[in-house]
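K.L.:
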Amino acid sequence: DLIPNDLFAAIDELKRELNAVIIAHYYQDADIQDIADYIGDSLGLSRQAATTNADVIVFAGVHFMAETAKILNPDKLVLLPDKEAGCSLADSCPPEEFAAFKARYPNHLVVSYINCSAEIKAMSDIICTSSNAVQIIQQIPEDQPIIFAPDRNLGRYVMEKTGRPLVLWQGSCIVHETFSEKRMIQLKVEHPEAEIIAHPECEPQVLRHANYIGSTTALLQYCQKSSSSAFIVATEPGIIHQMQRVSPTKTFIPAPATNNCACNECPYMRLNTLEKLYLAMKNRQPEITLPEHIRVAALRPIQRMLEMSA
Ligand code: 13P
Ligand code: SF4
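Numbering (full-length UniProt numbering), first residue to last: 13 to 322.
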């Protein structure tokens, strides 16, 4: 396949031809964010997918996000630039093992973080994202026991925030567990003026130093309104592109990984490139498909989330 020189123009043309919308997560490469019609966190992207009039959704994110868009839009073509763009957190919760786990807690309501497969969603009662997890748990009656899956760090954070006991599935994200507490403290000593901001998927030893904890959208909004001039950012550094755009005079420092590697970049998110996005639109593939019975079962808890966080 020949790649045109002006990819931005070629993608724009395909967008009109297909009546497509390009939606991108904050962890995508900067050029993908720049060409997207909509950029957001997982909740924002789900809302966008639930309301779009486009015929084709080009989802610049990872598989579970594109799958959520397909669950909401069975008649639309949903494209993912690289079909290998998975998620360590979603992979940490295999459906068969989760079914056995769930069977051990028959009276429990299952609240699952959106970072999971359609099969797990189909076994869940309510989906949540990092933006609305606390709010959703708070709406569940006090005497109702709850399983929270798959992210143990977000689960632990929600337990602290709500004072509710949750039965946690022990999954995690390789990116958010890569940050080094020690190196982050060293960085803070070098930049005493900087506030530490963190995503709730980070481990407790990182979260305990954070001045603010929130989803990617919440972190972005926080930096904009805070009077601080510098921030140490403990989440995937793709978000810094937007932070810098909305607050051009402020300084954003990525929180360091344990081995000073680039492993704070999500290897799945970063599989997508502008070239692959162009090719996906040109070839109408890789396309997201899923069995109808799973789609229908997975739709119900997603709709509940959208209703509960309206
Ligand atoms: P949010 O988009 O909800 O902030 O989640 C971050 C994440 O890890 C997405 O994969
Ligand atoms: Fe999954 Fe973590 Fe990558 Fe998000 S950052 S897609 S949770 S591996």
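Where a beta carbon is used, it is the ideal one built from N, C-alpha and C, also for glycine.
Please list the terminal residues of the continuous beta strand (DSSP E) segment that includes Ala111.
P.N.:
That residue, Ala111, is in no beta strand (DSSP E); its alpha helix (DSSP H) goes 107-115.
K.L.:
Taking the alpha carbon of Ser227 as the reference point, which residue from Ile15, His37, Leu311, Lys294 has its own alpha carbon closest?
P.N.:
The candidate whose alpha carbon is nearest that of Ser227 is His37.
K.L.:
Taking 6 Å as the line, does the beta carbon of Asp53 fall inside it for any heavy atom of the ligand 13P?
P.N.:
Yes; taking the cut-off as 6 Å, the Cβ of Asp53 has a heavy atom of the ligand 13P nearer than that.
K.L.:
Give me, in chain order, the residues of the same chain whose beta-carbon lies closer than 6 Å to that of Ser58; leave out the 5 immediate sequence neighbours on both sides.
P.N.:
Around Ser58: Thr80.
K.L.:
Thinking just about the alpha-carbon of each residue, which of Ala97, Leu91, Ile23, Gln150 is nearest to the one in Met317?
P.N.:
Met317 has its Cα closest to that of Gln150, out of Ala97, Leu91, Ile23, Gln150.
K.L.:
Give the straight-line distance between the Cα atoms of Tyr125 and Leu291, rounded to the nearest whole angstrom.
P.N.:
Those two C-alpha atoms are separated by around 31 Å.
K.L.:
Check whether the segment 83-97 and the segment 285-300 touch, using three or more Cβ-Cβ pairs below 8 Å as the test.
P.N.:
Judged by Cβ distances under 8 Å, the segment 83-97 makes contact with the segment 285-300, as three or more pairs qualify.
K.L.:
Between Asn85 and Gln60, what straight-line distance do the alpha-carbon atoms span, to the nearest angstrom?
P.N.:
Their Cα atoms are separated by approximately 11 Å.
K.L.:
Take every Cβ of the segment 164-178, pair it with every Cβ of the segment 244-258, and state whether three or more of those distances are shorter than 8 Å.
P.N.:
They do not touch, by the three-pair rule.
K.L.:
Is the beta carbon of Ala97 less than 7 Å from the beta carbon of Asn284?
P.N.:
Cβ distance < 7 Å, so Ala97 and Asn284 count as in contact.
K.L.:
Could you check which residue in His120, Ala111, Thr229 has the C-alpha nearest to that of Pro153?
P.N.:
Taking only the C-alpha atoms, the option nearest Pro153 is His120.
K.L.:
Any heavy atom of the ligand SF4 closer than 6 Å to the CB of Val170?
P.N.:
Every heavy atom of the ligand SF4 is 6 Å or more from the Cβ of Val170, so no.
K.L.:
Report the residue from Glu207, Glu248, Ser142, Ala130 whose alpha carbon sits nearest the alpha carbon of Thr301.
P.N.:
Nearest C-alpha to Thr301: Ala130.
K.L.:
Specify, as a first and last residue, the run of the beta strand (DSSP E) that residue 11 falls within.
P.N.:
Residue coverage of the chain in this structure runs from 13 to 322, which leaves residue 11 outside it and unanswerable.
K.L.:
Taking the alpha carbon of Asn144 as the reference point, which residue from Pro212, Leu30, Met196 has its own alpha carbon closest?
P.N.:
Checking every option, the nearest Cα to that of Asn144 belongs to Pro212.
K.L.:
According to DSSP, is Glu172 part of a helix, a strand, or is it coil?
P.N.:
Helix, per DSSP.
K.L.:
Just checking Leu14 against the ligand SF4 - is the residue's beta carbon closer than 6 Å to any of the ligand's heavy atoms?
P.N.:
No - the ligand SF4 has no heavy atom lying nearer than 6 Å to the Cβ of Leu14.
K.L.:
With a cut-off of 8 Å on the beta carbons, I'd call Asp49 and Ile34 a contact; round off their distance for me.
P.N.:
So it is a contact: roughly 5 Å between Cβ atoms.
K.L.:
Taking the beta strand (DSSP E) that His37 falls in, what are its first and last residues?
P.N.:
Its beta strand (DSSP E) spans residues 32-37.
K.L.:
Relative to the C-alpha of Pro102, which candidate in Asn271, Glu193, Val74, Arg282 has its C-alpha closest?
P.N.:
With the sequence shown as reference, residue 102 is identified as Ala, and Pro is not the correct amino acid for it. Of Asn271, Glu193, Val74, Arg282, the residue nearest in Cα terms is Val74.
K.L.:
Check whether the segment 173-183 and the segment 261-273 touch, using three or more Cβ-Cβ pairs below 8 Å as the test.
P.N.:
No: fewer than three Cβ pairs fall under 8 Å.
K.L.:
Kindly indicate which three-state DSSP category Cys214 falls into: helix, strand or coil?
P.N.:
DSSP places Cys214 in coil when its eight states are reduced to three.
K.L.:
Mapping the DSSP letters down to three states, classify Tyr290 as helix, strand or coil.
P.N.:
Reduced to three states, the DSSP call for Tyr290 is helix.
K.L.:
Under the three-state reduction of DSSP, which class applies to Leu178: helix, strand or coil?
P.N.:
Of the three classes helix, strand and coil, the one that applies to Leu178 here is coil, per DSSP.
K.L.:
Go ahead and pull the three-state DSSP assignment for Tyr50.
P.N.:
It is a strand residue.
K.L.:
Using 7 Å as the threshold, is the C-beta distance between Ala206 and Ala242 below it?
P.N.:
Taking 7 Å as the Cβ cut-off, Ala206 and Ala242 qualify as a contacting pair.
K.L.:
Which residues count as close to the ligand SF4 when the rule is a CB under 7 Å from any of its heavy atoms, in chain order?
P.N.:
In chain order, the hits are Tyr39, Val74, Cys99, Ser100, Leu101, Ala102, Asn127, Cys185, Ile186, Val187, His188, Glu213, Glu248, Cys278, Tyr280, Met281.
K.L.:
Hey, is Thr63 close to the ligand 13P, as in C-beta under 6 Å from one of its heavy atoms?
P.N.:
Flag unset: Cβ of Thr63 not near the ligand 13P.
K.L.:
Kindly indicate which three-state DSSP category Pro249 falls into: helix, strand or coil?
P.N.:
Of the three classes helix, strand and coil, the one that applies to Pro249 here is helix, per DSSP.
K.L.:
Just reading off the beta strand (DSSP E) that Ser142 is part of, what are its end residues?
P.N.:
That residue, Ser142, is in no beta strand (DSSP E); it is neither H nor E in DSSP.
K.L.:
Ends of the beta strand (DSSP E) at residue 8?
P.N.:
Since the first residue of the chain shown is 13 and the last is 322, residue 8 is not available in this structure.
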